[in-house]
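Enquirer:
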Amino acid sequence: MDDVFEQVLVKKSDELHSQIRSLIKDLGDIIHDNESYSSAKIERSKVIFSSLQWAINEFESSPKLLDLNLSIYIESLADFYLFLYSIESDKDLKHLKQGISGLIYEFSKIRGFKFVTNFFSSDVYLIPKLLELTEIINLSENETFLILIWLSNLVLVPFPLTLINEDLPTLLLEFGLNCLEKHSNASKNQSVASILISRLISRQDLIQNGMLDVYFNDTVPSIWNSLSYNSGSIKLGHTMVINKLMKRCSFEVMCKYLDVIHKEVLLTDLVNLRTQEEYCTNDLNNLNVLYIIKVLNKLAKFYLQSPETGKYYQVSSIVNNLFHDVMSIMLDRFDTNLRYAMAKNLSSICSQLTVEAMNYQEQLIQYLIEQLEISNIMITYSPYEKSISNSNRFHVDLAITSDKISVPKYHTVLLFFAYVSLRKSLPYHLISPILSIVHKTLFIQQKRATSVLGSQLRDSSCFIIWSLCRMIKTDTFIMLQRENENMMEVILFDLIKVAIFDFDLTIRRCSVAVIQEFIGRFGNNLFGYKFVEDMTFGEQMGSFIIRLVEIFNNKSLGSLNSSYLMIHELIRIGFKPNLFIPCLLNNIQDDNNSFEVKKLNSYHLAKIYGDDLSMEFDFEFLGNLQDSYPLQTLLSVLTREILNTGNSLYAFSELAVISPDTSHQFTLKVANHLKENFKFDHHSDASEKAEAYVKWINCCMIINFPIIDFDIVWKEIFDIVRAKYTTGLAEEFKQYFRLLCKRNEVITSDHLKGFGHIIKSNNPIIAQSLFYYQKFSNNGKVFLINLIQENAIDCNIRSSMIECLSENLEKLNLDLSMLSVLVNSLDDYTITNQGDVGSKVRLSTMYLIKNNISTFFHYTDEIELRLVRISGELIDKLRLESIKLIHILRMKHFVEIDNSNNYKFLFAYYRNEILANKQQSNHVIELSISFWRGIVFSLGALTMTSSVTNEAFLQLLVFLESLNQENHDFVFKEFLKLLKIPTDRQLNNLNSRELKVYNMTLNVFVKLFESNTPFPIDFEYQTLYVRCYNLHINTSNVLRIGIILKIFQYLGTLQSEPEIRLKAQTRVCWLCCHHPLSRVRSIGSEVFFEILNDISPNNDCISILDSVDWEESPGKLKKYFKCFQQTLTTL
14 MDDVFEQVLV KKSDELHSQI RSLIKDLGDI IHDNESYSSA KIERSKVIFS SLQWAINEFE
74 SSPKLLDLNL SIYIESLADF YLFLYSIESD KDLKHLKQGI SGLIYEFSKI RGFKFVTNFF
134 SSDVYLIPKL LELTEIINLS ENETFLILIW LSNLVLVPFP LTLINEDLPT LLLEFGLNCL
194 EKHSNASKNQ SVASILISRL ISRQDLIQNG MLDVYFNDTV PSIWNSLSYN SGSIKLGHTM
254 VINKLMKRCS FEVMCKYLDV IHKEVLLTDL VNLRTQEEYC TNDLNNLNVL YIIKVLNKLA
314 KFYLQSPETG KYYQVSSIVN NLFHDVMSIM LDRFDTNLRY AMAKNLSSIC SQLTVEAMNY
374 QEQLIQYLIE QLEISNIMIT YSPYEKSISN SNRFHVDLAI TSDKISVPKY HTVLLFFAYV
434 SLRKSLPYHL ISPILSIVHK TLFIQQKRAT SVLGSQLRDS SCFIIWSLCR MIKTDTFIML
494 QRENENMMEV ILFDLIKVAI FDFDLTIRRC SVAVIQEFIG RFGNNLFGYK FVEDMTFGEQ
554 MGSFIIRLVE IFNNKSLGSL NSSYLMIHEL IRIGFKPNLF IPCLLNNIQD DNNSFEVKKL
614 NSYHLAKIYG DDLSMEFDFE FLGNLQDSYP LQTLLSVLTR EILNTGNSLY AFSELAVISP
674 DTSHQFTLKV ANHLKENFKF DHHSDASEKA EAYVKWINCC MIINFPIIDF DIVWKEIFDI
734 VRAKYTTGLA EEFKQYFRLL CKRNEVITSD HLKGFGHIIK SNNPIIAQSL FYYQKFSNNG
794 KVFLINLIQE NAIDCNIRSS MIECLSENLE KLNLDLSMLS VLVNSLDDYT ITNQGDVGSK
854 VRLSTMYLIK NNISTFFHYT DEIELRLVRI SGELIDKLRL ESIKLIHILR MKHFVEIDNS
914 NNYKFLFAYY RNEILANKQQ SNHVIELSIS FWRGIVFSLG ALTMTSSVTN EAFLQLLVFL
974 ESLNQENHDF VFKEFLKLLK IPTDRQLNNL NSRELKVYNM TLNVFVKLFE SNTPFPIDFE
1034 YQTLYVRCYN LHINTSNVLR IGIILKIFQY LGTLQSEPEI RLKAQTRVCW LCCHHPLSRV
1094 RSIGSEVFFE ILNDISPNND CISILDSVDW EESPGKLKKY FKCFQQTLTT L
């Protein structure tokens, strides 16, 4: 468990215990208050049960922390349970009984069944009472569990059970057997029933009374002789009992039942297992097999204790049963649990043989090695036989082919080796053969269409080495080094390769743990004599070991790329580069690897050759096994690969740039080959092929390779750019355009038009890379800049173009008109079915300005106007970035803000920077209206998160209260300005953004009225009415008309403005009766009702309003208008 989580739990365990005690006390108060079990108390108990369950489960990560008060909890709950059965009540107490038994189960699940049994009352006279409860119909699963676990403790009393009741043992057995056979799949009740039965019939007094004899001679044979195919779960329960009996009882007790167990139980099941595998039945499941394995192991141990001759034959028979009658016949469904069980139990038998007969132990291990079917493994030495050599040698090239092995079989055998080593039972002379196997299995991968198998084998191989590290003593390690030159170095480097190159993060972490164990135990012995003679041994040796261990830490394993960085760290401390080059080259040439993996290996291979190779320590490690890998050799190998298969072009391009002179002859061969053979079809060819080709062209430009036909290159480029987008391909195109610019290559107008067409087809590759070419003509720049504002192009593409431009703007030298176009991108409010996609363009433009602030110096005011507007909009990121950019533009100190204080900061900015300077310039006046044009989207939003709009409006109210009369009047006039329709444009001709500003502003007025916010004394209500009037005529926008009707409702009840009040009332009345849209008429009638109800609640018109069908045509509703109008004039 993670130490951090454990520390947190330790800190809060006292609080949890206090909570549990309190809840149990509350539960006891409910239970003992037998005067009334009201429904309220039952509901309260449900809350208590739920809270207790949560608190108990909090201890799951560190169960022992429960022990402090566990006895109190169990005793209290058990007493409550019995109390509920001792009282008479007209209420159904089933919920309480089930809840208490459920809590007992939760404690048992967290702390363990056997441990919890220790805390139940030992009053043996409770046994009859508990047995009596078992006769209750529909006893719940948890209640059955409680009774079973309690009885399993009580049957351990140290005096005969017959003293309590003559029939008590029989009754207990019957109950246990009933539960055992009723439940299945090793469930909690079946497991505890097996504990109860095993404890009961293994009592000395009941053994003497023949209960164990009856069980093995009558009960067990009758079950296994049954032909019923439905008895698998029953057999499982009894196999669990037998397993526990063989744990509890001595050899003297069990010896006379061994044949029954072996022949009538196990062999019968093994025959059934073989039969059902052949006929695809499912009588015995994997749990049955698991317990068969466990019982066979215990049977072998008992046979080894037997004084009779032939016991080794019986043990070998059991090993054959385990391997051939269990694992081999069900290999396809031999799951991980079964493999671990098989390995543990076989290792247990092997460990026992260490004591009984070491030659048999060796035979068992060799037998398991033979099951791996390795043709060239040679074990030439045994201390128990005449041998042809004095030791077994380490083989570096065993014939283990990943695709031809059985993963379940190999996994089981490797786990067996690991557990045998962990038990310190592996014979010395077999260590080298085992390590020879591990040397291969550390890298096994079975690649399938959708997955890669073999991680379990690599994991168990690491486990073997870790176990051997704990088994091997220092003198043994030295002997192994002496007998097998380089064996330990090879194994350590295998682990290093796994830590760096394995695709599975879990396996990389496993190998790191083993490396740390290996170096910690044997580092001095392994590296001590490797250092050159002129190096001081002591202190520097220690420094080297520390540096080596520091390299291998979990932080180095966050990603595969992070793991690869360890290569260069290892080279820096003295490991020779030639150790890693073959691994990287093999990964590049392996067609099963993804292109991204090949790229990663290519990059680090080139880095090895390109880096400074100065080393901190000088020592020899696997020097005699290293081949030399000059750059020329690698280029030759990759060239052959390209000429033969067309692969490895990317890797070649990475390496060729390191030394143009060395690579020239190979580059020429590759160039001629590609000129004749390369053709890219974007319909069928993969992006990897495209990326490799662009990488190759970039390589040629970097090394100034003279033979490049750009006519052919351009033709391929225009095909390649249509390939499926990848980040890598986009990066290569960036480099391509960068190098074209550096070489002064010309992008013709035809090429530029072609790229424009590609951009218009929404191609992200060119959008992200084209501006890295910085030598466009002025017309070319205008052409590209105009594409950015072309609405037909996807916003993502335009945003990508702006981001690309941001990195290259300074060198492009755009004129003021082009910069103006870019500034106008802050006004992009393109809306699609994906929402406000124009926000991507606005955000990218802000980053463009931020990264090139000096370039936009002449547009500071224009930019600020737009940023002030954006700072109040709905999208959080835009708001925050715009505020930051405003401060950068004005070179003001920026206070860090976030969403929690965003609006408070905005209104403070408006008060201090705009209101305070409103008389100074027209720009400030424009800033003010721009500010409100943006922030009304937060204040008056109709669909935004309520918490955000509420916060924005709350800060507006706080802001208004803080203003003096002059500024208060000014702000409300700004609101009115937002409602003015331009004199030179029709309302229907305004864009959707401008229309939304009206809706948001209108809704702000509604919210101000609703919140009873004081309006200025001389507020122009007439202007508000007129502008609302103009906005709701000649439109079918029901949303806007509905908001305006709400404003008319408040204007229609103004006591201070009788003229405006009457106009608003009359207009609402007219809309009720004359508007062509029935929805508007209906809303108008509701508003008219609210007006009348407010100023004249007893008016007769109210009843008329309720009776009118507003769905009728305006022609039929006209008759009501005069009536309503007359009423209004008399109010």
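Here the sequence shown is numbered in this note's numbering, starting from 14 and rising by one per residue.
All C-beta atoms in this analysis are idealised placements derived from N, C-alpha and C, irrespective of residue type, glycine included.
As the structure is a prediction and not an experimental result, all values here were calculated from the model.
1. Among Lys-1135, Lys-110, Glu-154, which has the Cα closest to the Cα of Asp-92?
2. Can you name, in chain order, every residue of its own chain whose Cβ lies under 6 Å from the Cβ of Ile-447, other than the five neighbours on each side?
3. Could you work out which residue in Ser-52, Phe-229, Leu-303, Phe-315 is closest to Phe-263 when comparing CA atoms only?
4. For Ala-805, collect the residues of the same chain with a Cβ closer than 8 Å to its Cβ; drop the 5 residues on either side in sequence, then sort them by chain order.
5. Does the Cβ-Cβ distance between Ile-528 and Ile-509 come in under 8 Å?
6. Throw me the rounded Cβ distance for the Phe-229 and Val-273 pair, which I believe falls under 8 Å.
7. Here's the rule I'm using: 16 or more other beta-carbon atoms within 10 Å means buried, otherwise exposed. How should Tyr-1038 be labelled?
8. Of the choices Glu-877, Glu-823, Phe-96, Ile-896, whose alpha-carbon is the least far from that of Asn-864?
9. In its own chain, which residues sit with a C-beta less than 7 Å from the C-beta of Leu-1141, not counting the 5 before and 5 after it?
10. Note down, in chain order, each residue of its chain lying with its Cβ closer than 8 Å to the Cβ of Leu-22, except the 5 sequence neighbours on either side.
11. Report back the beta-carbon spacing between Ser-895 and Met-859 to the nearest angstrom; my notes put them in contact at under 8 Å.
12. To the nearest angstrom, how far is the alpha carbon of Ile-778 from that of Gln-787?
13. Considering only C-alpha positions, which residue in the set Lys-993, Glu-496, Met-628 is nearest to Thr-1014?
14. Assuming Ser-114 and Leu-159 form a contact by the criterion Cβ under 8 Å, report the distance between their Cβ atoms to the nearest whole angstrom.
15. By DSSP, does Gln-932 sit in helix, in strand, or in coil?
16. Does Asn-566 come out as helix, strand or coil in the three-state DSSP assignment?
17. When you compare only the Cα positions, how much space is there between Pro-421 and Phe-565?
18. In the DSSP assignment, find the alpha helix (DSSP H) that holds Thr-144 and state where it starts and stops.
19. How many Å lie between Asp-763 and Lys-931 at the Cα?
20. Can you check the stretch 923-1005 for any alpha helix (DSSP H) of at least 4 residues that lies completely inside it and give the ranges in chain order?
21. On a Cα-Cα basis, can you pick out the residue from Met-714, Ser-474, Asp-624, Asn-599 that is closest to Ser-661?
22. Between the Cα of Tyr-916 and those of Glu-877, Ser-943, Arg-946, Gln-968, spot the shortest distance and give me the residue it belongs to.
23. Are Gly-1097 and Cys-1114 close, meaning C-beta to C-beta below 8 Å?
24. When you compare each of Leu-366, Phe-557, Thr-252 to Glu-582 by their alpha carbons, which one comes out closest?
25. Less than 8 Å between the beta carbons of Leu-613 and Tyr-577, yes or no?
26. Can you name, in chain order, every residue of its own chain whose Cβ lies under 6 Å from the Cβ of Leu-36, other than the five neighbours on each side?
27. Using the Cβ count rule (16 or more neighbours within 10 Å means buried), how would you classify Phe-665?
28. Nearest-angstrom Cα distance between Ser-341 and Asp-698?
29. Round the Cβ separation of Lys-737 and Asn-809 to the nearest angstrom and send it over; I've been treating them as touching at under 8 Å.
30. Does the beta-carbon distance from Pro-673 to Ile-716 come in below 8 Å?
31. In its own chain, which residues sit with a C-beta less than 6 Å from the C-beta of Lys-708, not counting the 5 before and 5 after it?
32. Leaving out five residues before and five after Lys-771 in sequence, what residues of the same chain have Cβ atoms less than 7 Å from its Cβ?
33. Cα separation between Leu-411 and Val-433?
34. Determine the extent of the alpha helix (DSSP H) in which Gly-112 is found, giving its start and end residues.
35. Would the stretch 675-693 and the stretch 585-597 be scored as touching if the rule is three or more Cβ pairs under 8 Å?
36. Would DSSP call Thr-845 helix, strand or coil?
Expert: Well, looking at it:
1. If we check each option's Cα against that of Asp-92, Lys-110 comes out closest.
2. Result list for Ile-447: Phe-430, in chain order.
3. The identity of residue 263 in the sequence shown is Ser, whereas the question assumes Phe. Out of Ser-52, Phe-229, Leu-303, Phe-315, Phe-315 has the C-alpha closest to the C-alpha of Ser-263.
4. Lys-773, listed in sequence order.
5. Yes; because the gap between Cβ atoms is below 8 Å, this pair is in contact.
6. The Cβ separation is near 5 Å, so the contact holds.
7. Answer is buried; the Cβ neighbour count reaches 16.
8. With distances taken between Cα atoms, Asn-864 lies closest to Glu-823.
9. Cβ within range, chain order: Leu-1075, Gln-1078, Thr-1079, Cys-1082.
10. Closer than 8 Å at the Cβ level, and outside the excluded window around Leu-22, lie Glu-71, Phe-72, Ser-74, Ser-75, Leu-78.
11. Confirmed, Cβ separation roughly 6 Å.
12. Our two residues, Ile-778 and Gln-787, have alpha carbons roughly 17 Å apart in a direct line.
13. Answer by Cα proximity: Lys-993.
14. The Cβ separation is near 4 Å, so the contact holds.
15. In the three-state reduction of the DSSP assignment, Gln-932 falls in the coil class.
16. When DSSP states are grouped into helix, strand and coil, Asn-566 belongs to the coil group.
17. The straight-line gap from Cα to Cα measures roughly 30 Å.
18. Per the sequence presented here, residue 144 reads as Leu, with Thr not at that position. Per DSSP, Leu-144 belongs to the alpha helix (DSSP H) from 139-146.
19. Each residue's CA atom was taken as its position, placing Asp-763 and Lys-931 some 52 Å apart.
20. Secondary structure in the stretch 923-1005: the alpha helix (DSSP H) runs of 4 residues or longer, each lying completely within the stretch, are 935-952, 959-974, 978-991 in chain order.
21. For the set Met-714, Ser-474, Asp-624, Asn-599, the Cα lying nearest the Cα of Ser-661 is the one of Asn-599.
22. Ranking the options by Cα distance to Tyr-916, first place goes to Gln-968.
23. In this structure, the beta-carbon distance from Gly-1097 to Cys-1114 does not fall below 8 Å.
24. Nearest Cα to Glu-582 within the set Leu-366, Phe-557, Thr-252: Phe-557.
25. Yes, these two residues count as a Cβ contact at 8 Å.
26. Within its own chain, the residues whose Cβ lies closer than 6 Å to the Cβ of Leu-36, once the five positions on either side in sequence are excluded, are Ile-61, Ser-64, Leu-65, listed in chain order.
27. So Phe-665 ends up on the buried side.
28. Roughly 45 Å between the two C-alpha positions.
29. Incorrect: roughly 16 Å between the Cβ atoms, too far for contact.
30. It is a contact, given that the beta carbons lie within the stated cut-off.
31. Here Lys-708 has Tyr-663, Ser-666, Glu-745 as same chain residues with Cβ atoms under 6 Å from its own Cβ, once five neighbours each way along the sequence are excluded.
32. Inspection of the sequence shows that residue 771 is occupied by Ile rather than by Lys. Beyond the five residues adjoining it in sequence on each side, Ile-771 comes within less than 7 Å, by CB distance, of Val-734, Ile-779 in the same chain, given in chain order.
33. Each residue's Cα considered, the two are about 22 Å apart.
34. Start and end: 107-124.
35. No: fewer than three Cβ pairs fall under 8 Å.
36. Thr-845: strand per DSSP, three-state reduction.
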